[in-house]
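Student:
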Amino acid sequence: MKKEQDYFRDLAEIRSMMERSSKFMSLSGWAGILAGIYALIGAYFAYGLLDSYGLEEGSYIAQTNRLEDYFPLIALFMLILVLALGTAIYLSHQKASKRGENAWNATSRRLLAHMAIPLVAGGLLILILLSKGLVFLVAPLSLIFYGIALYNASKFTFEVLKYLGLIQITLGLAGACFPGYGLLFWAVGFGAFHIVYGTYMHYKYER
Amino acid sequence: MKISIDGLHKAFESRIRLGIMSALVVNDTLDFNSLKDYLDVTDGNLASHLKALEKGEFIEVEKSFIGRKPNTSYAASKRGRKAFNDHLNALEKLIKNVAK
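Protein chains in written order, with the numbering used here: chain F, 1 to 207; chain H, 1001 to 1100.
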């Protein structure tokens, strides 16, 4: 026959198991901060590149619609993406192993799958739009699709990710209203808000 | 102090079995290795607890192959969910009595 304190421990165990097996809690705040910094540096270089596409303020269509002409821009974004993802994976792995867990588990796989669908769909749409010369939509759409991916993913990790997702979607929609300023909104969303979010996560959960 | 033990399931007395059920009620299915990761137990230990839960029809077992590797996935059965729920309710009642 069990004692009362055993039942308390049973309940604590149930609670922790339900959370651990349904949510991925090894995301690091530092990953957010660093992703924001990469994005800000990337935005600086992208600004120079965009100038060369002959986009005038307030215009919708670039002078070129050959996809090859956008390779430097695409390469820059891929580099930021790889750096940000690599940092997140590395730091998650460290955080998980510190707690004796494996970062690659059923919850992280589910988290990635739920992020990947909106991100791949958005990425393909952006490539299609670039091939039509609609450069001004790239920054707002990447914010919107990334926001949807975050909102989707928030069910499988820290719930505050939901608000970061909603902010990105709002910034994306706002950016679409002001052609020519897309990159500015992009820098605020991917850069500044990642840093704010990462700092918040770090102080709330990692100290 | 009198404590009612109605609804407390003998099958869930082991903390490992309780852990397995907790993980399975919040996931559609989990494979053997995922369960092992969460519970931090040996293969043999986990297998024997899973066998016991399967025998009691608390969980459903599906064997398949991923490529050539056998892969076994587990899910909570309807009966298992109900039993787990009853067990939780009984625990809650017990603790309320203690708090009084």
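All residues carry an ideal CB built from backbone N, CA and C; glycine is no exception.
Could you tell me how far apart the beta carbons of Ala153(F) and Met115(F) are, in whole angstroms, since I believe they sit closer than 8 angstroms?
Tutor: Between Met115(F) and Ala153(F) the Cβ distance is about 5 angstroms, and since that is below 8 angstroms, they are a contact.
Student: So is Leu173(F) in contact with chain H if we call contact Cβ pairs under 8 angstroms?
Tutor: Not an interface residue.
Student: Name, going along the chain, the residues of the stretch 1020-1052 of chain H whose beta-carbon falls closer than 7 angstroms to a beta-carbon of chain F.
Tutor: Taking 7 angstroms as the Cβ-Cβ cut-off against chain F, the residues of the stretch 1020-1052 of chain H that qualify are Ser1022, Ala1023, Val1026, Asn1027, Leu1030, Ser1034, Asp1037 and Tyr1038.
Student: Mind checking who Thr1072(H) pairs with in its DSSP beta bridge?
Tutor: Lys1063(H).
Student: How many Å lie between Asp1031(H) and Thr1072(H) at the Cα?
Tutor: Computed Cα separation, rounded: 6 angstroms.
Student: Name the chain F residues that come within less than 9 angstroms of Ile1059(H), Cβ to Cβ?
Tutor: Those do not exist, as Ile1059(H) stays about 14 angstroms from chain F at its closest Cβ, beyond 9 angstroms.
Student: Is Leu1030(H) helix, strand or coil by DSSP?
Tutor: Leu1030(H): strand per DSSP, three-state reduction.
Student: Going by the beta-carbon positions, is the gap between Ile195(F) and Gly36(F) smaller than 8 angstroms?
Tutor: In contact: Ile195(F) and Gly36(F) (Cβ atoms closer than 8 angstroms).
Student: How is Tyr90(F) classed by DSSP in three states: helix, strand or coil?
Tutor: Note: Tyr90(F) maps to helix in three-state DSSP.
Student: Name the two residues that bound the continuous alpha helix (DSSP H) containing Arg99(F).
Tutor: Looking at the DSSP string, Arg99(F) is not in any alpha helix (DSSP H), and its letter there is neither H nor E.
Student: Mind checking whether Leu141(F) and Leu125(F) have CB atoms under 8 angstroms apart?
Tutor: Closer than 8 angstroms, so yes.
Student: Below 9 angstroms on C-beta distance, what does Ile1095(H) contact in chain F?
Tutor: Simply Glu4, Tyr7, Phe8 and Leu11.
Student: Would you say Arg1015(H) lies against chain F (beta-carbon separation less than 8 angstroms)?
Tutor: Chain F contact via Cβ: present.
Student: Would you please state the rounded distance, in angstroms, between the beta carbons of Leu91(F) and Ala39(F)? I believe it to be under 8 angstroms.
Tutor: That pair is no contact at about 16 angstroms.
Student: Classify His1049(H) as helix, strand or coil using the three-state DSSP reduction.
Tutor: Looking at His1049(H) - three-state DSSP - the assignment turns out to be helix.
Student: If you run the structure through DSSP and keep just helix, strand and coil, what is Arg1081(H)?
Tutor: Of the three classes helix, strand and coil, the one that applies to Arg1081(H) here is helix, per DSSP.
Student: Would Tyr181(F) and Gly165(F) qualify as a contact pair, given that the criterion is a beta-carbon distance under 8 angstroms?
Tutor: Cβ distance not < 8 angstroms, so Tyr181(F) and Gly165(F) don't count as in contact.
Student: Kindly give me the distance between the Cβ atoms of Gly172(F) and Ile128(F), rounded to whole angstroms, as I take these residues to be in contact under 8 angstroms.
Tutor: The Cβ separation is near 17 angstroms, so there is no contact.
Student: Quick check on the burial criterion: 16 or more other C-beta atoms within 10 angstroms. Buried or exposed for Gln217(F)?
Tutor: One cannot answer for residue 217(F) here, as it falls past the ends of chain F, which runs 1 to 207.
Student: Between the Cα of Val1061(H) and the Cα atoms of Gly1067(H), Tyr1038(H) and Ser1077(H), which residue gives the shortest distance?
Tutor: Here the closest residue by C-alpha is Ser1077(H).
Student: Could you tell me which whole alpha helix (DSSP H) segments of length 4 or greater appear in the stretch 124-178 of chain F?
Tutor: The stretch 124-178 of chain F contains these whole alpha helix (DSSP H) runs: 138-153 and 161-177.
Student: In terms of residue numbering, what span does the alpha helix (DSSP H) encompassing Lys204(F) cover?
Tutor: Note, Lys204(F): alpha helix (DSSP H), His194 to Tyr205.
Student: For Ser1048(H) and Met18(F), what's the separation of their Cα atoms in angstroms?
Tutor: In a straight line, the C-alpha of Ser1048(H) is about 21 angstroms away from that of Met18(F).
Student: Using CA coordinates, which residue listed in Ala88(F), Lys204(F), Ser21(F) and Gly175(F) is at the minimum distance from Arg110(F)?
Tutor: Checking every option, the nearest Cα to that of Arg110(F) belongs to Ser21(F).
Student: Within the 8 angstroms Cβ cut-off, does Met18(F) reach chain H?
Tutor: Met18(F) counts as touching chain H.
Student: Assuming Arg1081(H) contacts Glu13(F) under a Cβ cut-off of 8 angstroms, what Cβ separation, rounded to an integer in Å, is found between them?
Tutor: Rounded, the Cβ-Cβ distance is 18 angstroms, inconsistent with contact.
Student: Who are the Cβ neighbours of Ser16(F) in its own chain at under 7 angstroms, not counting the five residues just before and after it?
Tutor: Nothing listed; no residue qualifies.
Student: Quick check: the Cα distance between Pro1070(H) and Arg99(F), rounded to an integer number of angstroms?
Tutor: About 29 angstroms.
Student: Could you give the first and the last residue of the continuous alpha helix (DSSP H) run that contains Leu50(F)?
Tutor: Counting along the chain, the alpha helix (DSSP H) containing Leu50(F) begins and ends at Gly29 to Asp51.
Student: Quick one: Cα of Leu1046(H) to Cα of Thr157(F), how far?
Tutor: Distance between the alpha carbons of Leu1046(H) and Thr157(F) is about 26 angstroms.
Student: By how many angstroms is the C-alpha of Phe1065(H) removed from the C-alpha of His1087(H)?
Tutor: Approximately 34 angstroms between the Cα atoms of the pair.
Student: Measuring CA to CA, which of Leu67(F), Ala139(F), Pro118(F) and Ala174(F) is closest to Ile148(F)?
Tutor: Among Leu67(F), Ala139(F), Pro118(F) and Ala174(F), the Cα nearest to that of Ile148(F) is on Pro118(F).
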